[in-house]
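See below for the structure under consideration.
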Amino acid sequence: MGRAPCCDKTKVKRGPWSPDEDNILKNYLEKNGTAGNWISLPQKAGLRRCGKSCRLRWLNYLRPDIKHGGFTGEEDNIILTLYSQIGSRWSVIAANLHGRTDNDVKNHWNTKLKKKFLAAQNSYNNNSFTNNIDSSHDFNHNCSRNYYGILEATCSIVDSNTFTSHMDPNLTNSSFQFPLPSLMEIQENDAISSVQEDGYFMDFSSGISSSYYDNLVNDFDFQEKFIGSDPNYSSSSSNSTLIQLQANNIADFDQSIKGFEN
DNA sequence: AATATGCTCAACCGCAGGATT
DNA sequence: GAATCCTGCGGTTGAGCATAT
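Counting in my numbering, the first sequence runs from 1 upward without gaps.
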């Protein structure tokens with residue numbers, strides 16, 4: 001048995017919504033809500049529209065908290081970051097952008113950011129990392145995906161215990177526009193940031209100073225998720241403490257990363 | 001001025017999956 | 001457990017507008 005259509009397409013109006021239809025839908029929803037059923041809503045509201053069409057019109061355009069207009073650089077950053085981590089899960093990405101819908105984000109990606117993203121990837125592939133930090137040290141270079149998705153080249157200083165993570169400044173001046181932290185330096189604390197389905201995490205695999213811990217928890221609204229033996233260092237000869245903190249939102253996570261900048 | 005081409009974005013489509021019967 | 005209903009999602013389309021030729 002095939003699936004029943006959600007409405008009779010020969011009896012409903014399709015295409016762009018008129019201002020009158022918008023008013024009818026808006027007034028009805030403000031007075032009555034959806035009552036948990038979009039399918040029967042158009043009939044009750046007096047609209048010759050499919051329920052799905054009404055839902056889409058409300059969610060993507062008529063809702064009072066919708067933000068119209070161009071995307072900011074900060075919003076672009078969040079989209080690029082999350083896309084590189086979770087792919088085209090537009091509803092998840094939109095949930096991190098106040099007032100933006102999944103449709104908005106998807107359209108913005110397809111028309112603007114996709115090109116930037118691909119250009120950045122090509123640019124990255126065509127540029128070798130150049131060390132301009134300190135030529136007195138011997139560096140091991142290593143290219144990897146970073147918090148912002150694609151553009152991090154990391155290097156470690158061979159003759160000391162200091163680890164430096166560096167964004168290639170040549171790339172930030174090239175074809176793509178979104179801002180990147182210029183230099184992220186982590187000394188003593190080896191922090192790994194990650195965006196996962198259930199939140200934003202910072203793992204400190206070799207401890208963290210109490211002042212910095214307080215800073216993250218109090219100023220950036222992080223929560224402690226785990227503290228204990230690092231499972232990655234389970235051998236008896238090495239016993240390291242792992243502290244995992246979770247950010248409540250992308251803005252705090254973003255700021256905490258930028259807190260490492262010089 | 002006319003036509004072609006490219007871009008934007010609202011709207012539609014079909015599917016997946018949870019809820020209900 | 002099966003059938004059906006309904007919502008939410010991501011991919012795609014196409015009308016309208018802007019720009020180039």
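Glycine included, every Cβ here is placed at the ideal spot set by N, Cα and C.
For the alpha helix (DSSP H) containing residue i, list its first residue and its last residue.
i     : result
Cys54 : Gly51 to Arg57
Thr81 : Gly73 to Ile86
His98 : From DSSP, His98 is part of no alpha helix (DSSP H); its letter is neither H nor E.
Using DSSP with H/G/I as helix, E/B as strand and the rest coil, what is residue i?
i      : result
Ile93  : helix
Asn13  : Here residue 13 is Lys; the residue named in the question, Asn, does not match the sequence. In the structure shown, Lys13 sits in coil (DSSP, three-state: anything other than H, G, I, E or B).
Ala45  : helix
Lys114 : helix
Asp22  : helix
Asp65  : coil
Asp203 : strand
Take residue i as the anchor and find which of the options has the nearest alpha-carbon.
i      : options                          : result
Arg100 : Ile78, Lys115, Ser84 and Lys44   : Ile78
Lys31  : Ala45, Asn96, Ile86 and Thr81    : Ala45
Gly73  : Met202, Lys116 and Leu29         : Lys116
Pro54  : His68, Asn27, Ala95 and Ser91    : Correcting the residue type first, residue 54 is Cys in the shown sequence and not Pro. Comparing Cα positions, the closest option is Asn27.
Asp20  : Ala95, Leu113, Ala35 and Arg49   : Arg49
Ala95  : Asn110, Thr111, Leu113 and Lys67 : Lys67
Ser88  : Pro64, Asp65 and Leu113          : Leu113
Leaving out the 5 sequence neighbours to the left and right, which residues in its chain are closer than 7 Å to residue i when beta-carbon positions are compared?
i      : result
Phe71  : His108
Ser18  : none
Ile24  : Ala45, Gly46 and Leu47
Leu59  : Thr101
Leu29  : Trp58
Ser238 : In this prediction, Ser238 has a pLDDT of 45, which is less than 50 and means its spatial position is unreliable; nothing more can be read from the coordinates.
Thr34  : Leu41
Asp65  : Gly99
Leaving aside the five residues before and after residue i along the sequence, list all residues of the same chain whose C-beta is less than 8 Å from its C-beta, in chain order.
i     : result
Ile93 : Ile78, Ile79, Leu82, Tyr83, Ile86, Asp102 and Val105
Leu62 : Asp22, Leu25, Lys26 and Leu29
Glu75 : Leu97 and Arg100
Ser91 : Asp102
Val12 : Pro42, Arg48, Arg49, Cys50 and Ser53
For residue i, which residues from the same chain have a beta carbon less than 6 Å from its beta carbon, with the 5 sequence-adjacent residues on both sides left out?
i      : result
Phe226 : Gln244
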